[in-house]
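*Asks:* Chains as they are written, first to last, in our numbering: chain G, 977 to 1241; chain P, 977 to 1241; chain B, 977 to 1241.
A virtual CB, placed ideally from N, CA and C, is assigned to each residue, including glycine.
Take this structure first; my questions come after.
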Amino acid sequence: MNIYSFLQAVRDKRPLVHHITNWVTIFDCAQVVKSFGASPVMAHAPEEADAMTSLASALVLNIGTLTTEVVDTMKLSAAAANRKGIPIVLDVCGAGATAFRDRKCAELLDVAKIDVIKGNSSEVARIAGLAVATQGVDAGEVSADLREVAVALSNKRKCTVVITGAEDIVAGQGKIYQVKNGHPMMANLVGTGCMATSVIGTFAGATPDQIPEAAAAGLACYEIAAEQAVKKSDGPSLFKQQLFDCIFRLDEKQIRAMQQVTAAS
Amino acid sequence: MNIYSFLQAVRDKRPLVHHITNWVTIFDCAQVVKSFGASPVMAHAPEEADAMTSLASALVLNIGTLTTEVVDTMKLSAAAANRKGIPIVLDVCGAGATAFRDRKCAELLDVAKIDVIKGNSSEVARIAGLAVATQGVDAGEVSADLREVAVALSNKRKCTVVITGAEDIVAGQGKIYQVKNGHPMMANLVGTGCMATSVIGTFAGATPDQIPEAAAAGLACYEIAAEQAVKKSDGPSLFKQQLFDCIFRLDEKQIRAMQQVTAAS
Amino acid sequence: MNIYSFLQAVRDKRPLVHHITNWVTIFDCAQVVKSFGASPVMAHAPEEADAMTSLASALVLNIGTLTTEVVDTMKLSAAAANRKGIPIVLDVCGAGATAFRDRKCAELLDVAKIDVIKGNSSEVARIAGLAVATQGVDAGEVSADLREVAVALSNKRKCTVVITGAEDIVAGQGKIYQVKNGHPMMANLVGTGCMATSVIGTFAGATPDQIPEAAAAGLACYEIAAEQAVKKSDGPSLFKQQLFDCIFRLDEKQIRAMQQVTAAS
């Protein structure tokens, strides 16, 4: 896979990526999109859900600080995205922590065609129906084979499934990709998972006809920048600043030298 | 115009700048006020709108992530600000993107005396009645002469109008100022527009009898710091940290050497 | 007091610290918890208040941008925390600025057993019943002896009381501690008070049987890191990044050399 060509598509098309996301990492979700050269927008009023989504090339939904009202707006935006035919990425943040989160994820998946389900291991395993627990928004133990979990959920929901972790799994359209880039420092920073979701939305918005590949390429670019950022920092906060700036400066040579994306059957 | 004297007024009076703003850049709006030596406060409960506004020297309204409920609180705070006679700055963020935003801006402008309307070119042009479109919160194409747009809206609404861009235009009380400070890197950072609005509110709060001049001086100080910050960073995120810190250290000599504010007829 | 042993307990137990907090500093509250090696979660939907709180080791409530609805969720979470027996820390942010804030603090203190009341001098003095005023969220003048205010409120509410300032006072269970670490630069950064509250929640969550000591130890660790961070920065924003990273790297030797915690009778 030519990872760089997906980054080029983002930079050339500058997709508008509409978000309905959480209040903790909302700035970081916007800035990661902007650092990649695309255009973020965040809005959650039901009255403009349709109009704002209609301007966008992708829709990112993240339930990190969900309320019933905000999920209701997500449903309106998801319907608009489906009508327009733009990809929807759903971060099932905190699924497996409370029954409320599980139920709201199920509602979103039932009322709209979601193109990408994304979460950590226990979040996605819970959405796939396993009896696992998430510790707030941090992954809990999952004994099942994650690749099998991703494929089963992809088949059940007819969508791409992304499980992030030390090794990311992307399963969709009968294909599986593994992304081995990244660094353990990412676990010390709040929001690395949310930002990954916004990156997937950005790349899917630029290349909507190749969603599994766009997701894998976006994760690889984001995590290659993270590997570079670790070298320029000695703690999570300066790491974050360098992460944005390494994304901003990411070039073809770096991607070709560092990318660790493999396809499995 | 003695730009530094306006900064001195901010640092001497330390105005309390009350905000009802968006959830994406709310920290940055607060920190930019604090970096200038003033005191920010953010609150959006209708029950305390009157009391909190009564403590303040300026009110900043920003519709970036508006809802009907939050705009209702803005109306209460605006009424309190008008009663007390403190300046109100309205960032018409995303006007021209959705009809809902246009309508809510019109409501705010109709129910309260707004002292400064601020936005990018397509946002302000839409408020002025032109048929232009905003791409989410990023400026769209405007073919009209921006100076004429600003003057016409200033005359119509009896207020100061600020259009930010590569060159900022400030029109009010029959005067026009241009601010040519700043740097293209600002466009790579989420929130530079929102922060500019908070800066205008801070300077207007310190010098409420010279609002157009305070707005121009505030923008010049902010953008001079941005020019310095670019030299100390190589991407948008470290630029942001340096921006706050260059504002914090801004001195008279830098302002005199770097300011590019001109008055037009 | 062996300050380092409290930090060790945090790093060993990695408590899940649930927050219902304000929208301005919500990221910073999460990141400070994570930088100490613990696990933050933020959620404010009433439907999951009970379930999310039941997963946690401590509950942090911060009324910085309160609404009636969010305070109602705080009450549900506080009830769940009391049932489970985990500590609750309440930041009375902005008490003394509006009657609404005073009333909501009183309601929270009346319906739940709060373990730690924390604020700046005028906020805590107002909760203690004095006729003082807070300037938005910045401390106003208090002529009373702060130590006496803290002890009186601690006795009245049967809880630990923390007043932050150039010198922090911790009064609880018949004991008083003073923490003299910290740096004036903290006053130039938005959120240092909110982060202090999250730190107290984190340490109380790890050592719930010694809440006054945990509060004093947490403040000392946080402020020792601040003293280190000041040396690596020249303005509030780079100070903040260094603060997170100095917390992340904090070690026993630094704590032993720098801690300024004293017990009074």
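#1: With a CB to CB cut of under 6 Å and the five nearest residues on each side skipped, what residues in its chain are close to B:ASP1144?
#2: List the whole-angstrom C-beta distance separating P:PHE1012 from G:ALA1021, where the pair is believed to meet the contact cut-off of C-beta under 8 Å.
#3: Can you tell me whether G:ARG1232 is buried or exposed? The criterion is at least 16 other CB atoms within 10 Å of its CB, across all chains shown.
#4: Which residues in chain P have a C-beta closer than 7 Å to the C-beta of G:MET1018? List them in chain order.
#5: Tell me which same chain residues have a C-beta within less than 7 Å of the C-beta of B:LEU992, skipping the five on either side of it?
#6: Given a cut-off of 8 Å on the beta-carbon distance, is the pair B:ASN1157 and B:MET1234 in contact?
#7: With G:ILE1090 as the anchor, note down where its beta strand (DSSP E) starts and where it stops.
#8: Along the segment 1194 to 1217 of chain G, where does the CB come closer than 9 Å to a CB of chain B? Name the residues.
#9: If we cut at 8 Å on Cβ distances, does P:ALA1027 have a partner in chain B?
#10: Would you mind telling me which residues of chain P sit closer than 8 Å to B:ARG1077, beta carbon to beta carbon, in chain order?
#11: Expressed to the nearest angstrom, what Euclidean distance is found between the alpha-carbon atoms of B:LEU1066 and B:GLN1149?
#12: How would you label B:ASP1227, buried or exposed, when you count the other beta carbons within 10 angstroms and need 16 or more for buried?
#13: Along chain B, which residues have their Cβ under 8 Å away from the Cβ of P:SER1053?
#14: Compute the beta-carbon to beta-carbon distance between P:GLN1217 and B:LEU1214, rounded to the nearest angstrom, for a pair I have assumed lies under 8 Å.
#15: Kindly indicate the opening and closing residues of the alpha helix (DSSP H) around G:GLY1177.
#16: May I ask you to report which of helix, strand or coil DSSP gives P:ALA1120?
#17: Find the residues of chain G that neighbour B:GLN984, judging by a C-beta separation of less than 8 Å, and give them in chain order.
#18: Does the Cβ-Cβ distance between B:GLY1105 and B:THR1140 come in under 8 Å?
#19: Rounded to the nearest angstrom, what separates B:ILE1093 and B:GLU1189 at their Cα positions?
#20: Taking buried to mean at least 16 other C-beta atoms within 10 Å of its own C-beta, is P:GLY1177 buried or exposed?
#21: So with CB distances below 9 Å, who are the chain B contacts of G:GLY1169?
#22: List the whole-angstrom C-beta distance separating P:ILE1103 from P:ALA1147, where the pair is believed to meet the contact cut-off of C-beta under 8 Å.
#23: Using a 10 Å radius around the Cβ and a threshold of 16 neighbouring Cβ atoms, would you call P:LYS1229 buried or exposed?
#24: Leaving out five residues before and five after G:ASN998 in sequence, what residues of the same chain have Cβ atoms less than 8 Å from its Cβ?
#25: Alpha carbon to alpha carbon, how far is P:CYS1005 from P:ALA1172?
#26: Output the distance between the C-alpha atoms of B:GLU1024 and P:SER1053, rounded to the nearest integer angstrom.
#27: Please report the straight-line C-alpha distance between P:THR971 and B:ALA1240, rounded to a whole angstrom.
#28: So, is P:ILE1119 buried or exposed, given that buried needs 16 or more other C-beta atoms within 10 angstroms?
#29: Which residues, in chain order, does the segment 1096 to 1113 of chain B contribute to contact with chain P at a C-beta distance below 8 Å?
#30: Which residues in the same chain have their Cβ closer than 8 Å to the Cβ of G:THR1110, if we skip the five residues on either side of it in sequence?
#31: Kindly provide the ranges of any alpha helix (DSSP H) runs that are 4 or more residues long and lie completely inside the segment 985 to 1037 of chain P, ordered along the chain.
#32: Whose C-beta lies closer than 8 Å to the C-beta of P:VAL1175 among residues of the same chain, with five residues either side of it excluded?
#33: Would you call P:ARG990 buried or exposed, if buried means 16 or more other Cβ atoms sit within 10 Å of its Cβ?
#34: 8 Å is my cut-off, CB to CB: does B:GLN1230 come that close to chain G?
#35: Determine, using beta carbons only, whether B:HIS1159 and B:VAL1125 come nearer to each other than 8 Å.
#36: What residues from chain B crowd round P:ALA1006, counting only those whose CB sits closer than 7 Å?
*Replies:* Considering the structure as presented:
#1: On the third sequence, residue 1144 of chain B is found 168 positions in, with the first residue counted as 1. Once the five neighbours on either side are set aside, the close Cβ partners of B:ASP1144 are VAL1155, LEU1195.
#2: Within the second sequence, residue 1012 of chain P is the residue found at index 36, counting from 1. Within the first sequence, residue 1021 of chain G is the residue found at index 45, counting from 1. That pair is no contact at about 31 Å.
#3: Taking the first sequence and counting its residues from 1, one reaches residue 1232 of chain G at position 256. By the 10 Å Cβ count, G:ARG1232 comes out exposed.
#4: If you number the first sequence from 1, residue 1018 of chain G lands on position 42. Here the neighbours are VAL1000, THR1041.
#5: Along the third sequence, one-based indexing puts residue 992 of chain B at 16. Within the same chain, B:LEU992 has close Cβ partners SER1015, VAL1017, LEU1031, ALA1032, SER1033.
#6: One-based indexing of the third sequence puts residue 1157 of chain B at position 181. One-based indexing of the third sequence puts residue 1234 of chain B at position 258. In contact: B:ASN1157 and B:MET1234 (Cβ atoms closer than 8 Å).
#7: Against the first sequence, residue 1090 of chain G aligns to sequence position 114. Segment: none, G:ILE1090 is in no beta strand (DSSP E) and carries neither H nor E.
#8: SER1209, ASP1210, GLY1211, PRO1212, SER1213, LEU1214, PHE1215, LYS1216, GLN1217
#9: Within the second sequence, residue 1027 of chain P is the residue found at index 51, counting from 1. So yes, P:ALA1027 belongs to the interface.
#10: Here the question's residue 1077 of chain B lines up with position 101 in the third sequence. Residues of chain P passing the Cβ test: GLU1024.
#11: Locating residue 1066 of chain B in the third sequence gives position 90, where the first residue counts as 1. Locating residue 1149 of chain B in the third sequence gives position 173, where the first residue counts as 1. Spanning the two alpha carbons is a distance of roughly 17 Å.
#12: Numbered from its first residue, the third sequence carries residue 1227 of chain B at position 251. Exposed, because fewer than 16 other Cβ atoms sit within 10 Å of the Cβ of B:ASP1227.
#13: Walking along the second sequence from the start, residue 1053 of chain P turns up at place 77. Chain B residues near P:SER1053: none, gap ~12 Å exceeds 8 Å.
#14: For the purposes of this step, residue 1217 of chain P is taken as the residue at position 241 of the second sequence. For the purposes of this step, residue 1214 of chain B is taken as the residue at position 238 of the third sequence. With 8 Å as the limit, P:GLN1217 and B:LEU1214 qualify as a contact, their Cβ atoms being about 5 Å apart.
#15: The count along the first sequence starts at 1 and reaches residue 1177 of chain G at position 201. Looking at the DSSP string, the run of the alpha helix (DSSP H) that includes G:GLY1177 is 1168 to 1182.
#16: Within the second sequence, the letter at position 144 stands for residue 1120 of chain P. Reduced to three states, the DSSP call for P:ALA1120 is coil.
#17: For the purposes of this step, residue 984 of chain B is taken as the residue at position 8 of the third sequence. Under the 8 Å cutoff, chain G gives no residues; its nearest Cβ is about 18 Å from B:GLN984.
#18: Position 129 of the third sequence holds residue 1105 of chain B. Position 164 of the third sequence holds residue 1140 of chain B. Not a contact, by the Cβ cut-off of 8 Å.
#19: If you number the third sequence from 1, residue 1093 of chain B lands on position 117. If you number the third sequence from 1, residue 1189 of chain B lands on position 213. Each residue's alpha carbon lies about 14 Å from the other.
#20: Position 201 of the second sequence, counting from 1, holds the residue named residue 1177 of chain P. So P:GLY1177 counts as buried.
#21: Your numbering for residue 1169 of chain G matches position 193 in the first sequence. The premise fails here: G:GLY1169 is roughly 12 Å from chain B at the closest Cβ pair, so nothing lies under 9 Å.
#22: The residue given as residue 1103 of chain P occupies position 127 in the second sequence. The residue given as residue 1147 of chain P occupies position 171 in the second sequence. Going by Cβ atoms, the distance from P:ILE1103 to P:ALA1147 rounds to 13 Å, so no, they are not a contact pair.
#23: What you label residue 1229 of chain P is simply residue 253 of the second sequence in a count that begins at 1. Under this definition P:LYS1229 is an exposed residue.
#24: Residue mapping note: residue 998 of chain G aligns to position 22 of the first sequence, counting from 1. Correct list, in chain order: ASN1038, ILE1039, GLY1040, THR1041, LEU1042, CYS1069, CYS1170.
#25: The residue you call residue 1005 of chain P lines up with position 29 of the second sequence. The residue you call residue 1172 of chain P lines up with position 196 of the second sequence. Going from the Cα of P:CYS1005 to the Cα of P:ALA1172 covers about 8 Å.
#26: The residue you call residue 1024 of chain B lines up with position 48 of the third sequence. The residue you call residue 1053 of chain P lines up with position 77 of the second sequence. B:GLU1024 and P:SER1053: Cα-Cα distance of roughly 32 Å.
#27: Limits of chain P in this structure are 977 at one end and 1241 at the other, which puts residue 971 of chain P out of reach.
#28: Within the second sequence, numbered from 1, the residue matching residue 1119 of chain P stands at position 143. Ile is not the amino acid found at residue 1119 of chain P; the sequence shown has Ser there. The residue in question, P:SER1119, is exposed, as its Cβ has fewer than 16 Cβ neighbours within 10 Å.
#29: GLN1111, GLY1112, VAL1113
#30: The residue labelled residue 1110 of chain G in the question sits at position 134 within the first sequence. Contacts found: GLY1070, ALA1071, GLY1072, ALA1073, ASN1096, SER1098, GLU1099, ARG1102, GLY1116.
#31: 1002 to 1011, 1025 to 1031
#32: Your numbering for residue 1175 of chain P matches position 199 in the second sequence. Excluding positions up to five away in sequence, the list reads VAL1008, VAL1009, PHE1012, GLY1194, LEU1195, CYS1197, TYR1198.
#33: Along the second sequence, one-based indexing puts residue 990 of chain P at 14. Buried, by the Cβ-count rule.
#34: As a working note, residue 1230 of chain B is residue 254 in the third sequence. By this cut-off, B:GLN1230 is not an interface position.
#35: Here residue 1159 of chain B corresponds to residue number 183 of the third sequence, with the count starting at 1. Here residue 1125 of chain B corresponds to residue number 149 of the third sequence, with the count starting at 1. Cβ distance not < 8 Å, so B:HIS1159 and B:VAL1125 don't count as in contact.
#36: Position 30 of the second sequence, counting from 1, holds the residue named residue 1006 of chain P. Correct list: VAL1000, VAL1166.
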